[in-house]
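J.:
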Amino acid sequence: MQWMTRVDVEASPEALWQVVAEVERWPEFIVTMRRVERLDGKEPGPGSLVRIAQPRMPVLTWRITEWTPGRSFSWQSASGGVTTTGTHVVAPRGLGSILTLSIDQTGFAAPLVGLLTGRQTRRYVEVEATSLRSRAEASG
Numbered sequence: 029m030q031w032m033t034r035v036d037v038e039a040s041p042e043a044l045w046q047v048v049a050e051v052e053r054w055p056e057f058i059v060t061m062r063r064v065e066r067l068d069g070k071e072p073g074p075g076s077l078v079r080i081a082q083p084r085m086p087v088l089t090w091r092i093t094e095w096t097p098g099r100s101f102s103w104q105s106a107s108g109g110v111t112t113t114g115t116h117v118v119a120p121r122g123l124g125s126i127l128t129l130s131i132d133q134t135g136f137a138a139p140l141v142g143l144l145t146g147r148q149t150r151r152y153v154e155v156e157a158t159s160l161r162s163r164a165e166a167s168g
């Protein structure tokens, strides 16, 4: 199961990346995030752990699998027979940026989880993209 959304952002890639990369601040402006905390005290990068609490979702621990400063990061969480990968990509577009967010779920239970939570997951990804866009545009 895979969901993706892409939004144009009227802010520089640098300004957008600043907002995307500061994941622990997301609950300040994204309603789909109740709590985001880094667990290991490390600078974000491959292997870093982050715990996320979201409404109507189990609290999950995510491991950053890819981190390209200024450009993108991915993280993964595994629970109940499903591995979920979230990817966040910032790309230049004229004087602004493009933000692409995607969720990919694999594993034996992925089809069932997709059926049960797909609508909510798609909505959360869209809310997160528009919230990140609004924050980046407001900050420069």
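Per the working numbering, residue 29 is the first one in the sequence shown, and the count goes up by one each step. Ideal Cβ positions, reconstructed from N, Cα and C, are used throughout, including at glycine. Please read these numbers as outputs of a predicted model, since none were measured by experiment.
Determine the DSSP secondary structure at L140, reduced to helix, strand or coil.
T.: helix
J.: Quick check: the segment 119 to 127 against the segment 32 to 41, are at least 3 beta-carbon pairs closer than 8 Å?
T.: Yes: at least three Cβ pairs fall under 8 Å.
J.: Which residue or residues does DSSP assign as beta-bridge partners of E65?
T.: R79
J.: Out of L160, W54, L127, point me to the one whose CA is closest to Q82's CA.
T.: W54
J.: Could you tell me the boundaries of the alpha helix (DSSP H) in which W45 lies?
T.: 41 to 49
J.: Can you grab the Cα-Cα spacing for the pair W90 / E52, in whole Å?
T.: In this model, W90 and E52 are separated by some 13 Å (Cα to Cα).
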